[in-house]
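**Student:**
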Amino acid sequence: MGCVIYLDGKFVDESEAKISVFDHGLLYGDGVFEGIRSYNGRIFKLDEHIERLYNSAKAILLEIPMTKEELKKIIIETVRKNNLKNSYIRVVVTRGVGDLGLDPRKCKKPTVFVITSKIQLYPESIYEKGIDVVTVATRRNLSESLNPAIKSLNYLNNILAKIEANNAGASEALILNQFGYVSECTGENIFILKGNFLITPHINAGALEGITRKVVMEIGENIGLKVKEENITRYDIYTSDECFLTGTAAEIVPVVVVDNRIIGDGKPGKITLRIRKEFHLLTEIEGTPVYE
0 MGCVIYLDGK FVDESEAKIS VFDHGLLYGD GVFEGIRSYN GRIFKLDEHI
50 ERLYNSAKAI LLEIPMTKEE LKKIIIETVR KNNLKNSYIR VVVTRGVGDL
100 GLDPRKCKKP TVFVITSKIQ LYPESIYEKG IDVVTVATRR NLSESLNPAI
150 KSLNYLNNIL AKIEANNAGA SEALILNQFG YVSECTGENI FILKGNFLIT
200 PHINAGALEG ITRKVVMEIG ENIGLKVKEE NITRYDIYTS DECFLTGTAA
250 EIVPVVVVDN RIIGDGKPGK ITLRIRKEFH LLTEIEGTPV YE
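Just so you know, we're using numbering that gives the first Met the number 0 here: the sequence shown kicks off at 0 and counts up by one.
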């Protein structure tokens, strides 16, 4: 017996969770998704993730066949059926089954599924020692082509960057936009600390408006940092006091080397560690209850 998955109105065992080979999510990456976390029986920032999912769907003219409240209840019930207190939740909406053509009008009904499981992108030692990042040749998609604000199933831009990082023996890839400004990494937003300033690329640079990103910006303000969204270059990262990545799955990851340049003293920074601690304190007390 595997995990229980919600699929198009039913809760089924993972061995029975199957979609058609004609589903346009599979054939063309035509769909949207969200990655969400639960901590201590509470789903963290559920409303914010739901809002972003529906915004992504609206941007590609994909109508999710349920209300936001109905989907929230489905997500909660999926976590409950798997009896998980700490979990990673993947919510996926595809265009649905069509033919081998591109026309989305041929897809009459979207496919919706929710998976809850466990995830650990990095071992604990990474958070204690930090990671190395390398700039890759793959550039961020043009907003006019495929807006990075849309969290779509087409992740090939990110995957190609990840392949480059793997080939270079680095833990993560730093992606630049068409103007040479820093956008983000393959699955995380990036922050630097310079003096009392906490700086992250503006979403106009091609960065996803991350949920964890926003939480970290709020934490930064609460602990007295001056938080800024602006264009940053690799030079800004090389000469920063501290650097870290943020993401739902990764949480807060210290960066100690970028393109063979040591950041700060080559160890996770004190402010980075404080922000990580404050983030974990929030996840312990905030969130939508699963078990009531």
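In this text, a Cβ means the ideal position worked out from N, Cα and C, and glycines have one as well.
Can you tell which of L83, V111, N54 and K84 has its C-alpha closest to the C-alpha of E69?
**Tutor:** By 1-based counting over the sequence shown, the position of residue 69 is 70. For the residues L83, V111, N54 and K84, the minimum Cα distance to E69 belongs to V111.
**Student:** Just checking my contact of V132 with S170 at CB under 8 Å: how many whole Å lie between their CB atoms?
**Tutor:** Here residue 132 corresponds to residue number 133 of the sequence shown, with the count starting at 1. Here residue 170 corresponds to residue number 171 of the sequence shown, with the count starting at 1. With a Cβ gap of about 7 Å, V132 and S170 count as contacting.
**Student:** Can you tell me whether Y234 is buried or exposed? The criterion is at least 16 other CB atoms within 10 Å of its CB, across all chains shown.
**Tutor:** Looking up residue 234 in the sequence shown gives position 235. Y234 comes out exposed.
**Student:** Under three-state DSSP, which class holds P109?
**Tutor:** The residue you call residue 109 lines up with position 110 of the sequence shown. It is coil, neither helix nor strand.
**Student:** Put K193 into one of helix, strand or coil per three-state DSSP.
**Tutor:** In the sequence shown, residue 193 corresponds to position 194, counting from 1. In the structure shown, K193 sits in a strand (DSSP, three-state: E or B).
**Student:** Taking 8 Å as the limit between beta carbons, can you name the residues of its chain near P200, skipping five residues before and five after?
**Tutor:** On the sequence shown, position 201 is the one that residue 200 refers to. Here the set comprises Y180, V181, S182, E183, N188, I189, A206, E228, E229, N230 and I231.
**Student:** Tell me which residues share the same chain as N146 and place their Cβ nearer than 8 Å to its Cβ, disregarding the 5 neighbours each side in the sequence.
**Tutor:** Taking the sequence shown and counting its residues from 1, one reaches residue 146 at position 147. Same-chain partners within the cutoff: A58 and N140.
**Student:** M65 to Y38, Cα distance in whole Å?
**Tutor:** The sequence position of residue 65 within the sequence shown is 66, counting from 1. The sequence position of residue 38 within the sequence shown is 39, counting from 1. Using only the alpha carbons, I get a separation of about 26 Å.
**Student:** State the DSSP-derived secondary structure class of Y234, mapped to helix, strand or coil.
**Tutor:** Your numbering for residue 234 matches position 235 in the sequence shown. Y234: helix per DSSP, three-state reduction.
**Student:** What is the DSSP secondary structure of T137, counted as helix, strand or coil?
**Tutor:** Indexing the sequence shown from 1 puts residue 137 at position 138. T137 falls in the coil class under three-state DSSP.
**Student:** Within 8 Å, do at least three Cβ pairs link the stretch 12 to 24 to the stretch 118 to 128?
**Tutor:** With the cut-off at 8 Å, the stretch 118 to 128 and the stretch 12 to 24 do not touch.
**Student:** If distances are taken between C-alpha atoms only, which option among R51, G40, A16 and G24 comes closest to E33?
**Tutor:** Mapped onto the sequence shown, residue 33 falls at position 34. Here the closest residue by C-alpha is R51.
**Student:** If we ignore side chains and look at the alpha-carbon of each, how far apart do L192 and K44 end up?
**Tutor:** Reading the sequence shown from its first residue, position 193 is the one you call residue 192. Reading the sequence shown from its first residue, position 45 is the one you call residue 44. Rounded to the nearest angstrom, the two C-alpha atoms are 25 Å apart.
**Student:** Classify I261: buried if its beta carbon has 16 or more other beta carbons within 10 angstroms, exposed otherwise.
**Tutor:** For this step, residue 261 is matched to residue 262 along the sequence shown. The residue is exposed, with fewer than 16 neighbouring Cβ atoms inside 10 Å.
**Student:** Given a cut-off of 8 Å on the beta-carbon distance, is the pair V257 and I75 in contact?
**Tutor:** Here residue 257 refers to the residue found at position 258 of the sequence shown. Here residue 75 refers to the residue found at position 76 of the sequence shown. No. Outside cutoff.
**Student:** With respect to the alpha helix (DSSP H) encompassing D46, which residues constitute its N-terminal and C-terminal limits?
**Tutor:** As a position in the sequence shown, residue 46 is number 47, starting the count at 1. Counting along the chain, the alpha helix (DSSP H) containing D46 begins and ends at L45 to A58.
**Student:** Within a Cβ cutoff of 7 Å, which residues of the same chain sit near L6, ignoring the five residues on either side of it in sequence?
**Tutor:** Mapped onto the sequence shown, residue 6 falls at position 7. Contacts found: A16 and F112.
**Student:** Please confirm whether I174 and V254 have their CB atoms less than 8 Å apart.
**Tutor:** Against the sequence shown, residue 174 aligns to sequence position 175. Against the sequence shown, residue 254 aligns to sequence position 255. No, they are not a contact pair.
**Student:** Rounded to the nearest angstrom, how far is the Cβ of R94 from that of D12, given a contact under 8 Å?
**Tutor:** As a first step, residue 94 must be located in the sequence shown, where it is residue number 95. As a first step, residue 12 must be located in the sequence shown, where it is residue number 13. About 25 Å; that fails the 8 Å criterion.
**Student:** Which residue comes first and which comes last in the beta strand (DSSP E) that contains K9?
**Tutor:** For the purposes of this step, residue 9 is taken as the residue at position 10 of the sequence shown. Unbroken beta strand (DSSP E) run through K9: K9 to D12.
**Student:** Going by other Cβ atoms of all chains shown within 10 Å of its Cβ, with 16 needed for buried, is R238 buried or exposed?
**Tutor:** Residue 238 sits at position 239 when you count from the first residue of the sequence shown. Inspection of the sequence shows that residue 238 is occupied by Thr rather than by Arg. T238 comes out exposed.
**Student:** Quick one: what's got a C-beta closer than 6 Å to E277's C-beta in the same chain, skipping five residues either side?
**Tutor:** On the sequence shown, residue 277 is found 278 positions in, with the first residue counted as 1. So the list reads I218, once near-sequence residues are dropped.
**Student:** Between N166, G194 and I210, which has its C-alpha nearest G186's C-alpha?
**Tutor:** Counting from one through the sequence shown, the residue named residue 186 turns up at place 187. Considering only alpha carbons, the answer is I210.
**Student:** Check R94 in the structure and name its three-state DSSP category.
**Tutor:** As a first step, residue 94 is located in the sequence shown; it is residue number 95 there, counting from the start. Reduced to three states, the DSSP call for R94 is coil.
**Student:** Assuming N54 and V3 form a contact by the criterion Cβ under 8 Å, report the distance between their Cβ atoms to the nearest whole angstrom.
**Tutor:** Sequence index remark: in the sequence shown, residue 54 carries index 55 (1-based). Sequence index remark: in the sequence shown, residue 3 carries index 4 (1-based). 28 Å between Cβ atoms; not a contact.
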